[in-house]
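Peer 1: Sharing a structure with you now.
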């Protein structure tokens with residue numbers, strides 16, 4: 002399959018038609034390049050806050066509710082595009098509210114036959130918990146698709162090894178990592194996390210960030226990143242672990258061809274077998290940690 006990861010800029014949109022045109026153009030471009038799986042970033046949906054006007058977009062709470070007002074239309078648009086182009090799409094995440102007191106940060110996976118399911122972010126950053134009051138999601142999901150078994154780790158979630166391990170133990174072969182990071186340090190944290198998860202689990206990780214300024218919305222006002230597709234630096238993958246990557250802060254798609262056979266091969270016969278040897282850690286950490294003092 003071909004996988005496309007978006008380095009996605011946020012725009013102040015004059016109306017819904019502008020959003021519809023933008024998303025349609027992005028999907029058409031990746032599909033035209035042969036992509037089967039398209040990944041959009043964390044909080045990419047926040048550009049919909051602009052549809053409420055400048056004052057709404059500039060207010061942290063009002064922006065959430067304006068974005069959620071368009072959730073049904075966003076789902077319909079992505080379903081239409083996935084069917085039209087015969088692709089799978091991880092839509093840009095954004096706020097959603099079911100029976101929770103506060104919105105969660107949700108990414109929805111679409112296939113040619115409609116909505117496959119969603120993943121809510123599990124662990125909130127300091128900004129999400131201290132200033133924005135975004136609620137954590139409840140549990141992880143593996144999506145069994147025609148392209149393979151997919152797991153989703155939204156931004157900060159990728160920095161926690163046990164979340165990824167739970168997904169790969171449940172069968173995930175490809176981890177999708179949508180992100181939104183303000184500074185280069187934040188982007189580096191997610192990049193390192195995604196690459197480490199690909200190494201530990203001998204799988205593919207797909208990193209899609211927001212890029213560029215969006216000063217009209219304080220929740221996502223600065224965005225730094227590069228889209229990339231990572232694999233384990235081992236048998237059948239690049240020695241750097243970077244299969245494809247866009248230039249820093251340059252909007253566009255990172256596209257690469259990936260096979261499930263390559264993932265199975267490196268897990269079975271790689272130079273190292275991190276995925277198979279993972280559980281050996283348990284016996285080691287069950288022993289007491291010794292404190293050694295100089296003589």
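Numbering (this note's numbering), first residue to last: 2 to 296.
All C-beta atoms, glycine included, are put in the ideal place defined by N, C-alpha and C.
If contacts are defined as beta-carbon pairs under 8 Å, then residue 159 and residue 226 qualify, I think. What distance do you get, rounded to the angstrom?
Peer 2: Taking the first residue of the chain shown as position 1, residue 159 is located at position 158. Taking the first residue of the chain shown as position 1, residue 226 is located at position 225. About 13 Å separates the two Cβ atoms, so there is no contact after all.
Peer 1: Residue 108 and residue 91: beta carbons closer than 8 Å?
Peer 2: Within the chain shown, numbered from 1, the residue matching residue 108 stands at position 107. Within the chain shown, numbered from 1, the residue matching residue 91 stands at position 90. For residue 108 and residue 91, yes; Cβs fall inside 8 Å.
Peer 1: Suppose you measure from the CA of residue 112 to the CA of residue 157; what does that come to, to the nearest Å?
Peer 2: Here residue 112 refers to the residue found at position 111 of the chain shown. Here residue 157 refers to the residue found at position 156 of the chain shown. Cα to Cα, the separation comes out at about 25 Å.
Peer 1: Measure the alpha-carbon distance for residue 79 versus residue 93 and round it to whole angstroms.
Peer 2: The residue labelled residue 79 in the question sits at position 78 within the chain shown. The residue labelled residue 93 in the question sits at position 92 within the chain shown. Looking at the two C-alpha atoms, the distance is approximately 10 Å.
Peer 1: Curious, which full-length beta strand (DSSP E) runs of at least 3 residues does the stretch 165-234 contain?
Peer 2: If we require 3 residues or more, the beta strand (DSSP E) runs fully inside the stretch 165-234 come out as 175-180, 205-212 and 229-231.
Peer 1: How many angstroms separate the CA atom of residue 129 from the CA atom of residue 54?
Peer 2: For this step, residue 129 is matched to residue 128 along the chain shown. For this step, residue 54 is matched to residue 53 along the chain shown. Spanning the two alpha carbons is a distance of roughly 23 Å.
Peer 1: Quick check on the DSSP output: the beta strand (DSSP E) that includes residue 298 runs from which residue to which?
Peer 2: Summary: the structure shown does not reach residue 298, with the chain confined to residues 2 through 296, and so no result is reported for it.
Peer 1: On the criterion of 16 or more Cβ atoms from any shown chain inside 10 Å, does residue 117 qualify as buried, or is it exposed?
Peer 2: Walking along the chain shown from the start, residue 117 turns up at place 116. Result: buried.
Peer 1: What three-state label does DSSP hand residue 102 in the structure shown?
Peer 2: In the chain shown, residue 102 corresponds to position 101, counting from 1. It is coil, neither helix nor strand.
Peer 1: State the DSSP-derived secondary structure class of residue 254, mapped to helix, strand or coil.
Peer 2: Residue numbering aside, residue 254 sits at position 253 when the chain shown is read from its first letter. Three-state DSSP puts residue 254 in a strand.
Peer 1: Within this structure, are the beta carbons of residue 178 and residue 206 separated by less than 8 Å?
Peer 2: For this step, residue 178 is matched to residue 177 along the chain shown. For this step, residue 206 is matched to residue 205 along the chain shown. A contact, by the Cβ cut-off of 8 Å.
Peer 1: Taking only three categories from DSSP, how would you classify residue 238?
Peer 2: Position 237 of the chain shown, counted from the start, is the residue given in the question as residue 238. Reduced to three states, the DSSP call for residue 238 is coil.
Peer 1: Would you say residue 8 and residue 252 are within 8 Å of each other, going by their C-beta atoms?
Peer 2: Looking up residue 8 in the chain shown gives position 7. Looking up residue 252 in the chain shown gives position 251. Yes.
Peer 1: For the stretch 19-31 against the stretch 238-251, do three or more pairs of beta-carbon atoms, one drawn from each stretch, fall closer than 8 Å, so that the two count as touching?
Peer 2: Judged by Cβ distances under 8 Å, the stretch 19-31 makes no contact with the stretch 238-251, as fewer than three pairs qualify.
Peer 1: Exposed or buried, which one is residue 324 when buried takes at least 16 other CB atoms within 10 Å?
Peer 2: With the chain covering only 2 through 296, there is no way to say anything about residue 324.
Peer 1: Is the separation between the beta-carbon of residue 46 and that of residue 4 shorter than 8 Å?
Peer 2: In the chain shown, residue 46 corresponds to position 45, counting from 1. In the chain shown, residue 4 corresponds to position 3, counting from 1. Contact: no.
Peer 1: Give every residue of the same chain whose Cβ lies closer than 7 Å to the Cβ of residue 72, excluding the five residues on either side of it in the sequence, and list them in chain order.
Peer 2: Here residue 72 is taken as the residue at index 71 of the chain shown, counted from 1. Excluding residues within five positions, the ones whose Cβ falls inside 7 Å are 97.
Peer 1: Report, in whole angstroms, the separation of the C-beta atoms of residue 203 and residue 276, which I expect to be a contact under 8 Å.
Peer 2: As a first step, residue 203 must be located in the chain shown, where it is residue number 202. As a first step, residue 276 must be located in the chain shown, where it is residue number 275. Right, their Cβ atoms sit about 4 Å apart.
Peer 1: Residue 123 lies in the alpha helix (DSSP H); which residues open and close that run?
Peer 2: Locating residue 123 in the chain shown gives position 122, where the first residue counts as 1. Segment: none, residue 123 is in no alpha helix (DSSP H) and carries neither H nor E.
Peer 1: On the DSSP bridge list, what partners appear for residue 144?
Peer 2: Within the chain shown, the letter at position 143 stands for residue 144. Paired residue(s): 151.
Peer 1: Assign residue 157 to one of three DSSP states: helix, strand, or coil.
Peer 2: Position 156 of the chain shown, counted from the first residue, corresponds to residue 157. Three-state DSSP puts residue 157 in a helix.
Peer 1: May I ask which residues mark the beginning and end of the beta strand (DSSP E) holding residue 40?
Peer 2: The count along the chain shown starts at 1 and reaches residue 40 at position 39. Residue 40 -> beta strand (DSSP E) spans 38-40.
Peer 1: Could you round the C-beta distance between residue 58 and residue 217 to whole angstroms and report it? I think they count as a contact, below 8 Å.
Peer 2: By one-based count along the chain shown, residue 58 stands at place 57. By one-based count along the chain shown, residue 217 stands at place 216. Contact holds; Cβ gap of about 5 Å.
Peer 1: Would you please state the rounded distance, in angstroms, between the beta carbons of residue 86 and residue 110? I believe it to be under 8 Å.
Peer 2: Stepping through the chain shown from its first residue, residue 86 is reached at position 85. Stepping through the chain shown from its first residue, residue 110 is reached at position 109. With a Cβ gap of about 15 Å, residue 86 and residue 110 do not count as contacting.
Peer 1: Closest by CA to residue 229, which one among 235, 211, 221 and 219?
Peer 2: Locating residue 229 in the chain shown gives position 228, where the first residue counts as 1. Considering only alpha carbons, the answer is 211.
Peer 1: Please classify residue 289 as buried or exposed, where buried requires at least 16 other C-beta atoms within 10 Å of its C-beta.
Peer 2: Against the chain shown, residue 289 aligns to sequence position 288. With fewer than 16 Cβ atoms within 10 Å of its Cβ, residue 289 is classed as exposed.
Peer 1: Could you give the uninterrupted runs of the alpha helix (DSSP H) lying entirely in the stretch 38-74, keeping only those of 4 residues or more?
Peer 2: The qualifying runs are 55-58 and 61-70.
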